[in-house]
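Quick notes on the structure that follows.
Number of protein chains: 2
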Amino acid sequence: MLTEEPHAQLELPAATEPIGGVHDDANSSLVEDVYHRILMRIVRGELAGGSELKSTRLSQELGVSRTPVVQALSRLIADGIVTQRPNMRAVVRPGAENWLVEIHELRLLLEPPAAAKAAKLMPTEAIDQLQQAAVAVGPEQDAGWGMRAREFDFQFHLAIADHAGNQPLRSAIYKCWEYKRMSYELAADRMESINRGYREHLAILEALRERDPATAAAAMELHLRHASSWRPERRIV
Amino acid sequence: MLTEEPHAQLELPAATEPIGGVHDDANSSLVEDVYHRILMRIVRGELAGGSELKSTRLSQELGVSRTPVVQALSRLIADGIVTQRPNMRAVVRPGAENWLVEIHELRLLLEPPAAAKAAKLMPTEAIDQLQQAAVAVGPEQDAGWGMRAREFDFQFHLAIADHAGNQPLRSAIYKCWEYKRMSYELAADRMESINRGYREHLAILEALRERDPATAAAAMELHLRHASSWRPERRIV
DNA sequence: GCGGGCTAAAGTGCATTCACTTTTACCTTC
DNA sequence: GAAGGTAAAAGTGAATGCACTTTAGCCCGC
Chain A
0 MLTEEPHAQL ELPAATEPIG GVHDDANSSL VEDVYHRILM RIVRGELAGG
50 SELKSTRLSQ ELGVSRTPVV QALSRLIADG IVTQRPNMRA VVRPGAENWL
100 VEIHELRLLL EPPAAAKAAK LMPTEAIDQL QQAAVAVGPE QDAGWGMRAR
150 EFDFQFHLAI ADHAGNQPLR SAIYKCWEYK RMSYELAADR MESINRGYRE
200 HLAILEALRE RDPATAAAAM ELHLRHASSW RPERRIV
Chain B
0 MLTEEPHAQL ELPAATEPIG GVHDDANSSL VEDVYHRILM RIVRGELAGG
50 SELKSTRLSQ ELGVSRTPVV QALSRLIADG IVTQRPNMRA VVRPGAENWL
100 VEIHELRLLL EPPAAAKAAK LMPTEAIDQL QQAAVAVGPE QDAGWGMRAR
150 EFDFQFHLAI ADHAGNQPLR SAIYKCWEYK RMSYELAADR MESINRGYRE
200 HLAILEALRE RDPATAAAAM ELHLRHASSW RPERRIV
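Chains A and B, in that order, are what the protein sequence lines are. Each residue of the first sequence is one higher than the last, beginning at 0 in numbering that gives the first Met the number 0. Each residue of the second sequence is one higher than the last, beginning at 0 in numbering that gives the first Met the number 0.
The structure is reproduced here in structure tokens:
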């Protein structure tokens with residue numbers, strides 16, 4: 000076979016997923032893997048907008064059959080980052096370079112209202128679990144702290160999505176986080192930023208505990224606006 | 000390195016589709032068709048939350064091979080309305096009955112900001128085209144009026160999504176409208192509601208013409224809130 | 001009667017295959 | 001030498017095949 004490389008699997012919260020996160024909708028490895036490898040090439044700019052994505056060629060390059068490639072492309076098309084007309088090759092949508100920035104803008108629309116709804120709907124025990132997880136990350140900033148804080152970041156935002164009481168909203172947020180995971184792989188955030196993010200999480204959590212939707216939404220929005228300021232700069236149209 | 004070179008071919012608004020609507024991301028009929036047939040069964044409640052969706056069984060029932068069914072299921076999973084764990088049968092997510100209501104809530108988060116952004120970004124000629132389309136629907140409420148108004152409804156909202164300057168946002172709105180199209184098939188709106196919707200469209204359009212983001216967003220929100228009040232009642236948890 | 005394995009049926013994940021469409025390259029024609 | 005036509009190559013959409021996993025029925029021991 001051609002390229003069969005390391006296969007850098009993140010394997011986030013393996014198997015368990017302590018909070019209410021169902022975390023299922025992951026397809027069984029191969030197509031998921033292909034999906035991420037193609038997407039990674041796109042967001043890194045290796046496949047610029049307008050590039051053709053031929054299932055035959057990709058299947059050779061990635062060392063799998065065409066079937067999972069076609070399925071992965073199908074999902075990319077559904078996501079809107081790739082375009083295809085019948086019987087034509089799939090094409091990376093022009094403007095794909097800004098995808099991660101635009102995803103962040105979308106989060107700004109979705110997550111504050113989700114936080115507000117979660118403040119009302121989230122079961123107390125789920126909030127407690129988040130609280131415990133936050134404590135487990137701990138103040139001691141040793142070697143693994145950045146990693147633990149990042150894990151908590153995922154867990155925190157996805158738990159809010161889980162408990163906003165709206166499935167399509169949840170799915171949309173989850174999809175954003177699929178991309179966010181990717182942006183982590185592109186460039187790690189600076190420690191000070193992670194630190195601030197962690198503190199902001201605690202603020203949101205407090206609003207959740209107090210069942211204060213408006214404050215939760217505002218804290219979430221602040222959190223996201225800060226995050227956007229320290230996000231690695233990508234060319235904005 | 001085997002990567003296909005950029006080959007930047009834009010090929011944006013191919014031939015048809017009067018407004019900016021690219022309208023591509025539709026897969027080539029069969030899987031699209033299967034996708035909609037399964038989805039329709041779900042939102043109609045024929046397949047309740049928790050039902051198993053077996054690709055073998057579905058392929059028999061729908062008279063196609065398993066391949067397009069698997070692809071359609073894969074998209075439903077990506078959309079979050081269906082769940083699957085590796086090697087397990089796909090399952091309709093509990094709560095799927097409320098899907099259309101929740102989609103409407105999601106539109107309420109997405110479309111007002113999209114209208115605001117479109118007020119700033121939409122090219123004047125695109126606004127003019129919408130204006131002409133609105134005129135073409137006309138005030139005379141003959142037999143085809145309801146149909147024309149509905150078509151305009153689609154065209155209008157999707158045009159705004161197209162020109163909000165954010166691809167993932169556009170995709171998310173398009174996805175919502177895929178479901179909205181379905182809710183039309185479930186139950187047609189009352190004429191008086193269509194009428195009001197049409198007038199509200201004109202109000203939004205005016206805000207777009209005046210390049211007034213805040214008014215555009217407010218008019219869009221009002222429009223959506225009205226729409227939700229005359230939406231056919233479905234059981235809300 | 002009833003729980004615990006064992007086996008066959010059903011189902012999934014992926015590869016392969018085939019018919020049809022689009023692209024490419026070449027060859028003719030002017 | 002450029003335009004146009006044609007046939008091979010490459011690509012897509014969908015069906016089928018195959019290895020492996022899960023489910024369901026059955027029998028057995030208790």
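Even glycine gets a Cβ: it sits at the ideal position worked out from N, Cα and C.
Own chain partners of residue i with C-beta closer than 8 Å, once the 5 adjacent residues on each side are dropped
i      : result
V90/A  : G49, S50, E51, L52, V81, T82, Q83
A226/A : H103, S192, G196
L223/B : H103, R106, L107, E110, P111
E199/B : A218, L221, H222, H225
V21/A  : At V21/A the pLDDT is 38, less than 50, meaning the model places this residue with poor confidence; the figure from the coordinates comes in the next sentence. Here the set comprises D161.
R208/A : I126, Q130
R43/B  : L185
L120/A : H162, A163, G164
R147/B : A135, V136, G137
Own chain, CB closer than 7 Å to residue i, minus 5 neighbours either side, in chain order
i      : result
P111/A : A216, M219, E220
A206/B : A118, T214, A215, A218
M190/A : G145
S237/B : Coverage of chain B is limited to positions 0 through 236, which leaves residue 237/B absent and any answer about it impossible.
L72/B  : L52, S54, V81, A89
A113/B : I159, A160, A163, L168, I172
W176/A : F153, H156, L157
Q70/B  : V30
Endpoints, alpha helix (DSSP H) assigned at residue i
i      : result
A135/B : 123-136
P67/B  : 65-78
L105/B : 98-120
A206/A : 190-208
P167/A : 166-185
S58/A  : 54-61
D161/A : 144-161
E31/A  : 29-42
Exposure label - residue i; buried when at least 16 CB within 10 Å
i      : result
Q154/B : buried
Y183/B : exposed
R149/A : buried
N86/A  : exposed
D161/B : buried
P167/A : buried
V134/A : exposed
R180/B : exposed
E31/A  : buried
P212/B : buried
E101/B : buried
A142/B : exposed
R36/A  : buried
E139/A : exposed
E60/B  : exposed
N26/B  : Any reading at N26/B needs caution, since the residue's pLDDT is 44, under 50, leaving its predicted position unreliable; the model's value is listed next. N26/B is buried by the Cβ-count criterion.
Boundaries (first-last residue) of the beta strand (DSSP E) holding residue i
i     : result
E90/B : Looking at the sequence itself, residue 90/B is Val, so the reference to Glu does not match. Start and end: 89-91.
Other residues of its chain near residue i: CB distance less than 6 Å, five sequence neighbours each side excluded
i      : result
V68/A  : V33, S54, L57, S58
L46/A  : R40, V91
D23/B  : Its pLDDT being 42, under 50, D23/B is placed unreliably in this model, and the coordinates cannot settle the point.
A202/A : A218
L11/B  : For L11/B, the predicted model reports a pLDDT of 29, less than 50, meaning its position is unreliable; a value from the coordinates is still stated below. Taken in chain order, the list of residues that qualify is empty.
Cβ separation of residue i and residue j, assumed to be a contact under 8 Å, to the nearest whole Å
i      : j      : result
A125/A : A158/A : 6 Å
L38/A  : L99/A  : So it is not a contact: roughly 11 Å between Cβ atoms.
A95/A  : I172/A : With a Cβ gap of about 21 Å, A95/A and I172/A do not count as contacting.
S238/B : G79/A  : With chain B covering only 0 through 236, there is no way to say anything about residue 238/B.
A77/A  : A132/B : At roughly 27 Å, the Cβ-Cβ gap does not stay under 8 Å, so A77/A and A132/B are not in contact.
Heavy atom of the ligand FAD within 7 Å of residue i beta-carbon
i      : result
E220/A : What this structure holds is no ligand at all, so the ligand FAD is not there to describe.
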